[in-house]
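The next block holds one structure in the form of structure tokens; read it before the comments.
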Amino acid sequence: MAVSTGIEKLDEILDGGFQENRTVLVTGPPGAGKSTLAMNFLQAGLENDEHCTYISTEQTPDELRDTFEPFSFDLTDESLTVLSLHARPGSGTDQYDQGTIVETYGADRTDDDIDRHLLRTLEGGDEIDDHSIDFTPANLREFFRFNISGDRVVVDSISGLRSVSENEQTYRRFLLDLIQLINDHHDATALFTAESSRPNTNGMQTGQFSVDELTQYNLHGVIRLQRNRLRGTDRRLLDILKMRGVAYDDRTFELVFGDEGIRILPENRTFSSTLRVTNHISTGIDGLDTLLGGGILSGESAVVQHDGKAEVGGILYVILSNILKENRSIALLPRINSQPLFLQSVFERLGTPMDDLLDDDRLFVFDHHGVWDDHQNIFKSAEDESGIKSAMTTIHDRSRSQGVVLSLDTNTLRHMLGEETTRQVRSWLQSSVVTPTDAIIDIHNPALLQDELAAFHVDLASQLLETWMNDTGLQYVQLHKSPTGDTGAVRLIEYLDKPPYVRVVT
């Protein structure tokens, strides 16, 4: 069962919210919004008549009230318990040089009524009163056992508990016990905050164990907050590093502060579908159609960029075969090194025999190297601007389907026509040839094109996909531009031995 985070967009990102009776870490630098996000989480519980506990290890109750004063959080709600546990020199007795004060208050308490308990961080003599206990993992566990209550718990931050032990394993064991205590013993959902680790001036870690890195492995989920400078302005960012058992959105979002705490932006990354009339041509690959918001936009052009290492031909022919099955025609300018036998073999295996497609005026091919057998729909003379224009006019007149999808290898077209003529032909196709039922797919390796020509195609297109292969041999695809779909999202491409042969995985 999902527990609301108190932030509508974050609930959407997490497919409903945090998992019930689990603990999530929010990590980030000072001022990133960790405490405010935590209080949003508790406020949602209070509004749902749940009992909540807020434990601060870095701020007193007065400081917390000042921190949250700009927001509409209700710190006096009778269902909210606030504990402040922090190191403070001069703890009210000359017997100890330094101690840790625990301050609690609720709706019916004033500052004068705050209970003060000493948890010593240094060894000392006799106890001050019945509440004085050593600042040790065992004593802290008992303190949390008797003071935590409710359905939601925030510990802000666990970085303030680091002095419980300088030993990594002891600290890890303490945190595991605390998580188990909150989730299992109290049946509560918890949110921890922690300062993000900072490298030293050489960019290396300081050698001390990092609280946020150490705890990430023990927790159900991790949310990272960041502060970045963008053109002279300070931007706060949020992304999900992990969330077990949740199909979360792994893109980066901005967060801003408002009267009700934190807002996550943007609400949408593409223009509202209610304001734009769009028709899609399905690629036949479910994950790719989902990424694109339905498929390739009809009446528009899409650019597919690749790095020269990623598989492009196979996935393209799968898409074209699927488009052919939807009563559309294909006009194909293949890559320079493409051979007819390969395309014929692929189409045969996909259930769309190439010879039948040519005879039925469903497939048209621009034969730049003269390697295809003669056929009225194989255009061998289309090697200049007039030849391309003449061929495209013939294709539209001859096609027996509800639309034509033109698949162009831009690197080949540039090799045939040169930079300037390629630009002119491409503009003519978009403005004078493409009908509302047609589409153009431009495929190219931008490293082999002049920057201006590559940018021209991107500017002309309504959709931009990039696919690449990393050093481990995994192929990915990312949607960079589109009026529909998950702009910015990265997906894995998986190849299968059986239909649909290609899968795009979240």
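Residues 1 to 506 in this note's numbering are what the sequence shown spells out, letter by letter. Cβ coordinates follow ideal geometry from the N, Cα and C atoms, glycine included.
Within the segment 295 to 321, the complete beta strand (DSSP E) runs of at least 3 residues fall at 301 to 306. Here Ile223 really is in contact with Ile240; their C-beta atoms are around 6 Å apart, less than 8 Å. Counted as a single uninterrupted DSSP element, the alpha helix (DSSP H) harbouring Gln43 occupies residues Lys34 to Glu47. Judged by DSSP secondary structure, Arg145 falls within the alpha helix (DSSP H) whose first and last residues are Pro137 to Asn147. In the structure shown, Asn470 falls within a coil segment according to DSSP collapsed to helix, strand and coil. Comparing C-alpha distances from Tyr501 to each of His306, Thr283, Asp442 and Leu448 shows the shortest one belongs to Thr283. Annotation: the continuous beta strand (DSSP E) that includes Asp239 extends over Thr233 to Met243.
The residue among Lys481, Glu311 and Arg335 with its C-alpha nearest the C-alpha of Ala455 is Lys481. According to DSSP, Thr189 shares a beta bridge with Arg152.
The Cβ-Cβ distance between Gly17 and Thr27 does not fall below 8 Å.
Counting along the chain, Gln226 sits inside the beta strand (DSSP E) bounded by residues Gly221 to Leu230. In the displayed model, Glu69 falls within coil according to three-state DSSP, outside both helix and strand.
By the neighbour-count criterion, in which a residue is buried when 16 or more other Cβ atoms sit within 10 angstroms of its Cβ, Glu195 is buried. Closest in C-alpha terms to Lys380, from the list Met416, Asn411, Ala461 and Val404, comes Met416. A distance below 8 Å between beta-carbons, with the five flanking residues on each side excluded, links Gly294 to the following residues of its chain, in chain order: Thr278, His280, Ser282, Thr484 and Gly485. No residue range can be given for Gln59, since it is assigned to no beta strand (DSSP E) and is classified by DSSP as neither H nor E. Counted as a single uninterrupted DSSP element, the alpha helix (DSSP H) harbouring Thr421 occupies residues Glu419 to Trp428.
Judged by beta-carbon spacing, Trp468 lies within the 8 Å limit of His306, meaning their Cβ atoms are closer than that value.
About 6 Å separates the CB atoms of Leu479 and Leu465; that is less than 8 Å, so the two are in contact. Taking C-beta atoms as the reference points, Asp442 and Pro334 fail to come closer than 8 Å. Per DSSP, reduced to three states, the secondary structure at Asp11 is helical. Beta-bridge pairing by DSSP links Lys481 to Leu464. Taking 8 Å as the cut-off, the Cβ atoms of Val246 and Arg328 do not count as close. For Val153 and Leu37, the gap between their C-alpha atoms comes out near 13 Å.
Contact check between the segment 330 to 346 and the segment 425 to 435: fewer than three CB pairs, one atom from each, fall below 8 Å, which does not count as touching. The shortest CA-to-CA distance from Asn228 to any of Thr394, Asn470 and Pro29 is the one to Pro29. When the five nearest sequence neighbours on each side are left out, the beta carbons in the same chain lying within less than 7 Å of the beta carbon of Glu254 are those of Arg235, Arg236, Leu237 and Leu265, in order along the chain.
Around the C-beta of Tyr217, fewer than 16 other C-beta atoms lie within 10 Å, and the residue is accordingly described as exposed. Under the three-state reduction of DSSP, Val504 is assigned to strand.
Contact between Gln59 and Ser79 does not hold, since their C-beta atoms are separated by about 21 Å, which reaches or exceeds 8 Å. Taking a 10 Å sphere around the C-beta of Leu230, we find fewer than 16 other C-beta atoms and assign the residue as exposed. Rounded to the nearest angstrom, the gap between the Cα atoms of Lys498 and Asp360 is 27 Å. Around Leu413, the same chain offers Leu333, Thr422, Val425 and Arg426 as residues with beta carbons nearer than 8 Å, after the five sequence neighbours per side are excluded. Fully contained in the segment 350 to 424 are the following alpha helix (DSSP H) runs of length 4 or more, in chain order: 354 to 359, 385 to 398 and 410 to 417. Straight-line measurement puts the Cα of Thr393 at about 11 Å from the Cα of Val434.
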